[in-house]
Ligand SMILES: [K+]
Ligand SMILES: [K+]
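This is the structure we're talking about:
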């Protein structure tokens, strides 16, 4: 890799580190408000180190006339997330009695908006730590949207080229140039967060809980300020969480288009239809099942099911009750839902709705082709033709997704974990959901008891999942390093 | 569907039924030899009914000048297996105290060479029943090879077009016309079975056990004459089983080519390389693991691992010890191995080696393409170009395979089965392996305790798996029934 390329990658990472250091002001402010001055040190140290590192990378200046090739973008993307995570783990490592492994796991879980936690006793934890965890979600969420909108389509990873905004049929009026899109998206993200804070507060949370849960829900992150997660709070706050998680799971580019005048942008999008329809059907059927097989009245069953299902499908992982106690069928349903994910261009992880829809289009066409071998069958999704490149990249993506989960699960089982913990743990990490199954890492559990090696494996899984696997795998091929 | 088409489908099914009725002579002969005359009735009744049904379909004669279209072939294939299974279940239903559900399950498990059993107390079971179960495997095995060689490539199901013998580079000398191929394959199949009987007998089995296990192993079926399966027999018989299962898991067309003078046919085939290499690596590493983590000496560990691994990968399901007692890692490994399967053109089920190899070629090419977006990357497998149709059909196949297992597992969990039993039960049925995981259907278990509904679901799964899913699914599309 040429020096100017490295310098530009360093420059961009430097900007991220400076942003991160600024983000540390929020927990510092929180600690000041709560009068926990003795805990401020760690954040100041961590912030100073991060700021210095950032400045060291930015000050030499951005080399001009350097064009990043796709291969440089892969390096940039993976390196950014990794370096940011290393620095973002510092406050937790300095402050809490967390080992660096635990701090790194918690931080990776935060910025990838996975939300698996190794911190127990959340209800008594330092407000600075709680705020920093939420901040990691919030920054990670907006970072991921930016990556999904601006970088992944260019890299043609996992069929994301479909969402290349430049090649879309939106006129420039509705979908402005990329730096404008970025400003809109950040504005909308902040707007939703503020509305969420207000709504959670009106639903009975104190301001601190409202701020944390709003940041956690809109980023589909899943960290909470209580070991009981949403279960500690009022029933109306559960519905607020549902709305926020849904907002976080929809494509942010469509909000931009809506604001710019295309009022129907959200309503005519196939992915949004599929997402909402699927959720409605699953919640309805599943709540009827729970109502009939338990002592809950119907509205109660509907609420419990909706919060948990929306939480898992949007890959948030805030829970309202231990659904693993609902029996084998429920466990199986939640295991499957772990993989689904929200819409592309949102903060959600998972396989994502559009890939299932494209698979459906392809499979239907393929079955018809078998019956009419000579017919020419048009294959479209959301108005775009599905060419061979998209088919192959979705095939590649799905295969590596499965392989990654399989390999991590195998690794976990080698450490002595049982099949359900290993499989669901690997899946929940790679899909960035954050809640597993079984007594250890289930809805009522915590990732702290896992061996250190398992935490590192899961951290790698979270990162791979967040970067849509392929972005990282490309770096591991011999072809990448040959020139 | 036109009347002449129906008549020709009926004619072919009639021939299968007559063959089946002739097959019932073997258990009758067995019962005569064992002097169990009182049990002969059921086979005579079942044989007579089957023969009459067969004759009724054949006697009107085969309509001439009727050409079967692909859509008729789908109907023929699915109907044949289903009708044959309905009649083949009669003796078990008449003779044993088995309900029709149990008899149907056992028979479907037999002819699909799955080998899951609901009969317990095998060591004391009627020799007629045991012989009929082995006969089901043996007929099902050769039937499947025939289907895989002659029909599936024409139907272009799941990438099988790669194995269309007519379009291959074999000269007519090496690969003769299809009716000749059929004769060769049947001859080789009979030859291997006879050699297997001899070898098992020399390894200490009595002739009856040797005959049953040879039929069960070469067809990669898995029924045994003992509840302890191979565990009851000598160590040398385990190695005989390994060789027979491997022979059953290799492509029978390559044996034909070898016999016809292409001595290197087996050795230059990519699928065979991949299959044997994979098995060697897995057995070696896994046996070292077992040796280090248990009290077995190395040769013992190697034998136990090799028999069980070869058994699961070739989708035989004969077991030599309860590997689920080896701990979480072993359970996970065997869960994964359930999906692998043997070679195409063999008696094995599962996803099959060539699909993994093609996936590997495609994934490697796709990663390289991401790094060099403008390069033209050639994609070949075993010397054949991988065109878009093959890629799409493999994508369709893998997706529906996963979906089928997922749906059946969900259904099983609705009946109250736990996640491991439900997932492994669905997988073992669809992959035609026959051994699941967990206390109920694991290596030491038996499918009898499952509820009737579960047995029907699993029976459907076995049939779907055996017919490579798509062959059946096509029948369920509206397009199939429209004209
Ligand atoms: K999450
Ligand atoms: K089998």
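Residue numbers (the working numbering), protein chains in the order written: chain A, 309 to 791; chain B, 309 to 791. In this text, a Cβ means the ideal position worked out from N, Cα and C, and glycines have one as well. Model, not experiment: these values are computed from the prediction.
heavy atom of ligand 1 below 7 Å from residue i C-beta
i                     : result
residue 415 (chain A) : no
residue 623 (chain A) : yes
residue 741 (chain A) : yes
residue 530 (chain A) : yes
Nearest residue (CA-CA) to residue i, options the options
i                     : options                       : result
residue 651 (chain B) : B:490, B:457 and B:778        : B:457
residue 692 (chain A) : A:666, A:737, A:711 and A:675 : A:666
residue 754 (chain A) : A:602, A:426, A:314 and A:310 : A:426
residue 767 (chain A) : A:787, A:782, A:724 and A:712 : A:712
residue 447 (chain B) : B:461, B:420, B:466 and B:463 : B:420
residue 521 (chain B) : B:543, B:548 and B:495        : B:548
residue 525 (chain A) : A:570, A:615, A:409 and A:572 : A:615
residue 709 (chain A) : A:647, A:555 and A:317        : A:647
residue 640 (chain A) : B:518, B:732 and B:504        : B:732
residue 704 (chain B) : B:428, B:777 and B:765        : B:777
residue 690 (chain A) : A:645, A:440, A:376 and A:470 : A:470
residue 580 (chain A) : A:556, A:327, A:599 and A:367 : A:556
Any non-hydrogen atom of ligand 2 closer than 7 Å to residue i Cβ
i                     : result
residue 426 (chain B) : no
residue 423 (chain B) : yes
Counted within 10 angstroms of its Cβ, other Cβ atoms place residue i as buried (16 or more) or exposed
i                     : result
residue 685 (chain B) : exposed
residue 501 (chain A) : buried
residue 498 (chain A) : exposed
residue 527 (chain B) : buried
residue 356 (chain B) : exposed
residue 487 (chain A) : exposed
residue 360 (chain A) : exposed
residue 663 (chain B) : buried
residue 346 (chain B) : exposed
residue 479 (chain A) : In this prediction, residue 479 (chain A) has a pLDDT of 45, which is less than 50 and means its spatial position is unreliable; what the coordinates show is noted afterwards. Classification for residue 479 (chain A): exposed.
residue 286 (chain A) : Beyond the ends of chain A as shown, which are 309 and 791, falls residue 286 (chain A); an answer cannot be given.
residue 762 (chain B) : buried
residue 515 (chain A) : exposed
Simplified DSSP assignment, three categories, for residue i
i                     : result
residue 432 (chain A) : helix
residue 689 (chain A) : strand
residue 514 (chain A) : coil
residue 795 (chain A) : Missing from the structure shown is residue 795 (chain A); chain A here goes from 309 to 791 and no further.
residue 572 (chain A) : coil
residue 336 (chain B) : helix
residue 643 (chain A) : helix
residue 497 (chain A) : helix
residue 368 (chain A) : coil
residue 622 (chain B) : coil
residue 601 (chain B) : helix
residue 456 (chain B) : helix
residue 559 (chain B) : coil
residue 608 (chain B) : helix
residue 330 (chain A) : helix
residue 627 (chain A) : coil
residue 373 (chain A) : coil
residue 543 (chain B) : helix
residue 775 (chain B) : coil
residue 362 (chain A) : helix
residue 490 (chain A) : helix
residue 269 (chain A) : The first residue shown for chain A is 309 and the last is 791, placing residue 269 (chain A) beyond what the model contains.
residue 552 (chain A) : helix
CB-CB length for residue i against residue j, believed under 8 Å
i                     : j                     : result
residue 636 (chain B) : residue 741 (chain B) : Actually they are not in contact, since the Cβ atoms of residue 636 (chain B) and residue 741 (chain B) sit about 20 Å apart, beyond 8 Å.
residue 436 (chain A) : residue 338 (chain A) : 6 Å
residue 564 (chain A) : residue 459 (chain A) : Going by Cβ atoms, the distance from residue 564 (chain A) to residue 459 (chain A) rounds to 17 Å, so no, they are not a contact pair.
residue 621 (chain B) : residue 574 (chain B) : With a Cβ gap of about 18 Å, residue 621 (chain B) and residue 574 (chain B) do not count as contacting.
residue 772 (chain A) : residue 738 (chain A) : 6 Å
residue 701 (chain A) : residue 465 (chain A) : 7 Å
residue 625 (chain B) : residue 743 (chain B) : 5 Å
residue 687 (chain B) : residue 669 (chain B) : 6 Å
residue 409 (chain B) : residue 764 (chain B) : 7 Å
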